[in-house]
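Okay, structure first, notes after.
2 protein chains.
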Amino acid sequence: MLELYHAEPIANSVKVLICLKEKNLEFISHYVNLLRFEQHEPAYLAINPDGVVPTLVHDGNVITESSIINEYLDEAFPEPALKPANALERARMRIWTKYVDDYFGPAVSRIGWHFLLHPLASRLTAEERRLRLSRVPLRDRREKWATVAGASFTPEQLAEAREQIAEGVRRMESLLKNRLWIAGSEFSLADIASYCVIPSLPRLTPDLMSDLTTPRICAWLRAATQRAGVRAALAMPNRIPETLSALGLV
Amino acid sequence: MLELYHAEPIANSVKVLICLKEKNLEFISHYVNLLRFEQHEPAYLAINPDGVVPTLVHDGNVITESSIINEYLDEAFPEPALKPANALERARMRIWTKYVDDYFGPAVSRIGWHFLLHPLASRLTAEERRLRLSRVPLRDRREKWATVAGASFTPEQLAEAREQIAEGVRRMESLLKNRLWIAGSEFSLADIASYCVIPSLPRLTPDLMSDLTTPRICAWLRAATQRAGVRAALAMPNRIPETLSALGLV
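Those protein sequences? They're chains G and Z, same order as listed. Under my numbering, think of the first position of the first sequence as 177, with each following residue one higher. Under my numbering, think of the first position of the second sequence as 177, with each following residue one higher.
Right, here's the structure in full:
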């Protein structure tokens, strides 16, 4: 039995949702409402002490870290394969996925947190803020929450994130020069990793992506979004609008 | 044909050297002298534009990132296997390796840079410093070099790194409670990843590791160090003492 603890079909949650849907795997969905800080509640920390989503539970075994979950799913349920058959292409797949995890993704996330979470977190009272922050297990996450609960990122930090996104966009456009998908001729975990970041760019950094300047990324995004697995993942509930409304933020 | 660009048998270089030696693979060794900043020279940047070691070249194909290189070597040369046969244990192997890459290793590295590279980098003239820094391609690396070329890390930053090392030591001691090696009953890439950090702890943070407080890590280190592959990797040249001496630093 497969169970997935996840948030909306964006960021690291959509990464694992796409993998599950591409493989037509049945799973029990446990929705975690990040805007209500459910990821830091004791019930969730008992499953994932790091207090981040997603978390996979397979027959009682807990697996964390979205990129590792996807490698696991592809090994435990090999059909259809989401890793290239060739070892060199698999290495390319992992190099790109690590780049998205370590550089490209965090840069997009910084802009996203600024626009989405700063308005939410900066409204907390001093007491709520202290309580919320005390429950965040990972130090770097706690610092990120403290930042958006305060004055948020500086203009310099946001500019730096934009530069990193521009670099990621340049690299991806260049990778797609000679191939349809990122690691080779087949859709792979590297494309799924990119789907965590690329769809939000037209909204967060509209000047960095267009059919004129990044035609290959735009074509890649259209092709990826047409896949049945991706569409099924995107159809999972998105409660951000209703939560923001309930919190009086929109 | 395999070629490896690497530094001394420590940190990320020893990670790939152990993997190659455990598999008895022949390779051409290209030594990169980090203390002479050879990793930022145009000749090396033409091979690895990130300016970090190690880099593997297999039949002309460049593969970067030590953990990804090791996964590649294990797939391209499967015998003897360095990944557990079981998918769940492989996931555990990758979760620990990622933790070492993202948290444990960087904390050890901060203390190591402070003691080894700060005395070196802080002696550079303003002009040399500007030139050296301008050649470091990765922003986070450039900032790290700027830090050790200046006043180095603050006491708070060093204390924070020590706390993170203590946390890594606690986690590893706990992982070894029910098993001989980190991912299960066999020596794996997760043990190799740990070998980047653990051997330097008795020197860098002697109070955090001892037969009394961390008996399992100490037993693990002895068992790992007795392996033929690990011994062969450790026998690779270490030119740090002679380079420091040539630079007038010892």
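Quick reminder that beta carbons are idealized off the backbone N, C-alpha and C, glycines included.
For P256(G), tell me which candidate among N200(G), R311(G), V284(G) and E241(G) has the shortest Cα-Cα distance.
Selected option, being the one with the closest Cα: N200(G).
What residues in the segment 342-376 of chain G have a beta carbon less than 8 Å from any beta carbon of chain Z?
Close to chain Z, meaning a Cβ-Cβ distance shorter than 8 Å, is no residue of the segment 342-376 of chain G at all.
Under 8 Å between the Cβ atoms of A267(G) and Y181(Z)?
The answer is no: Cβ separation not under 8 Å.
To the nearest angstrom, how far is the alpha carbon of V229(Z) from that of N246(Z)?
If I take the Cα positions, the gap works out to 13 Å.
Within its chain, find whatever has a CB closer than 7 Å to the CB of G281(G); leave out the 5 residues flanking it on each side and keep chain order.
Cβ neighbours of G281(G) within its own chain (closer than 7 Å, five residues either side excluded): C372 and V373.
Buried or exposed for M470(Z), going by 16 or more other Cβ atoms inside 10 Å?
The question about residue 470(Z) has no answer here: the residues shown for chain Z are numbered 177 through 426.
DSSP three-state assignment for I204(Z), whether helix, strand or coil:
Secondary structure of I204(Z) (DSSP, three-state): strand.
With the cut-off set at 8 Å, would you say A263(G) and E251(Z) are in Cβ contact?
Closer than 8 Å, so yes.
State yes or no: is the beta carbon of N209(Z) nearer than 8 Å to at least one beta carbon in chain G?
Not one chain G Cβ lies under 8 Å of N209(Z).
Just to check my reading of the structure: G288(Z) and S376(Z) have Cβ atoms closer than 8 Å, yes? What is that Cβ distance to the nearest angstrom?
G288(Z) to S376(Z), Cβ: 6 Å. Contact.
Burial state of G344(Z) (16 or more Cβ within 10 Å):
A buried status is given to G344(Z), since no fewer than 16 other beta-carbon atoms sit within 10 Å of its beta-carbon.
Is it buried or exposed, G360(G), if we count other Cβ atoms within 10 angstroms and call 16 or more buried?
Residue burial is scored here from C-beta neighbours: G360(G) has at least 16 other C-beta atoms within 10 angstroms and is therefore classed as buried.
Of the residues F203(G), E198(G), I194(G) and F291(G), the one placed nearest M177(G), counting alpha carbons only
That would be F203(G), whose Cα lies nearest to the Cα of M177(G).
For T401(Z) and L295(G), the rounded distance between their alpha carbons:
Looking at the sequence provided, one finds Pro at residue 295(G) rather than Leu. One C-alpha to the other measures close to 53 Å.
For V406(Z), does the three-state DSSP call read helix, strand or coil?
Here V406(Z) sits in helix by DSSP.
List the residues of chain G whose Cβ lies closer than 7 Å to the Cβ of T240(Z), in chain order.
Those within 7 Å of T240(Z) in chain G are I271.
By DSSP, does E343(G) sit in helix, in strand, or in coil?
Per DSSP, reduced to three states, the secondary structure at E343(G) is helical.
Could you tell me the boundaries of the alpha helix (DSSP H) in which H294(Z) lies?
Following the DSSP letters along the chain, one finds H294(Z) inside the alpha helix (DSSP H) bounded by residues H294 to A297.
Verify the CB distance criterion: does N246(Z) have a CB-CB separation below 8 Å to chain G?
In terms of beta-carbon proximity, N246(Z) stays away from the interface with chain G, with every pair separated by 8 Å or more.
Which of helix, strand or coil does DSSP assign to I287(G)?
Note: I287(G) maps to helix in three-state DSSP.
Listing by chain order, which chain G residues have their CB less than 7 Å from the CB of L380(Z)?
For L380(Z), no chain G residue has a Cβ inside 7 Å of its Cβ, as the nearest lies near 20 Å away.
Starting from Y371(G) and walking both ways along the beta strand (DSSP E), at which residues does that stretch end?
Unbroken run through Y371(G): none, as it is neither H nor E.
Could you tell me if K353(G) is buried or exposed, where buried requires 16 or more neighbouring beta carbons within 10 angstroms of its beta carbon?
With fewer than 16 Cβ atoms within 10 Å of its Cβ, K353(G) is classed as exposed.
Using the rule of at least 16 other Cβ atoms within 10 Å of the residue's Cβ for burial, across every protein chain shown, is F291(Z) buried or exposed?
So F291(Z) ends up on the exposed side.
Name the DSSP bridge partner or partners of L178(G)?
DSSP lists H234(G) as partners of L178(G).
With a 10 Å radius around its C-beta and 16 neighbouring C-beta atoms as the bar for buried, classify L293(G) as buried or exposed.
So L293(G) ends up on the buried side.
For V426(G), is the classification buried or exposed, using 16 other Cβ atoms within 10 angstroms of its Cβ as the cut-off for buried?
Exposed, by the Cβ-count rule.
Start and end residues, alpha helix (DSSP H) containing N224(Z):
For N224(Z), there is no enclosing alpha helix (DSSP H), as DSSP gives it neither H nor E.
Would you call the segment 310-323 of chain G and the segment 404-411 of chain G touching, i.e. three or more CB-CB distances under 8 Å?
No, they do not touch.
Between which two residues does the alpha helix (DSSP H) harbouring W357(Z) extend?
Going by DSSP, W357(Z) is part of no alpha helix (DSSP H) at all; its letter is neither H nor E.
Quick one: any contact between the segment 298-314 of chain Z and the segment 323-343 of chain Z, if contact means 3 or more CB pairs under 8 Å?
Inter-segment contact for the segment 298-314 of chain Z and the segment 323-343 of chain Z is present: three or more beta-carbon pairs are separated by less than 8 Å.
Excluding the five sequence neighbours on either side, which residues of its own chain have a C-beta within less than 6 Å of the C-beta of C394(G), listed in chain order?
Once the five neighbours on either side are set aside, the close Cβ partners of C394(G) are D387.
Between which two residues does the alpha helix (DSSP H) holding V228(G) run?
DSSP places V228(G) in no alpha helix (DSSP H); its state is neither H nor E.
Residues in the segment 273-285 of chain Z with C-beta within 7 Å of chain G's C-beta atoms, listed in sequence order?
Per Cβ criterion, the list reads K274.
Quick one: measure Cβ to Cβ for T273(G) and A366(G), integer angstroms, because I've assumed they're closer than 8 Å.
Indeed they touch by this definition, with Cβ atoms about 5 Å apart.
Whether S364(G) touches L221(G) by CB criterion (8 Å):
No, Cβ-Cβ distance for S364(G) and L221(G) is not below 8 Å.
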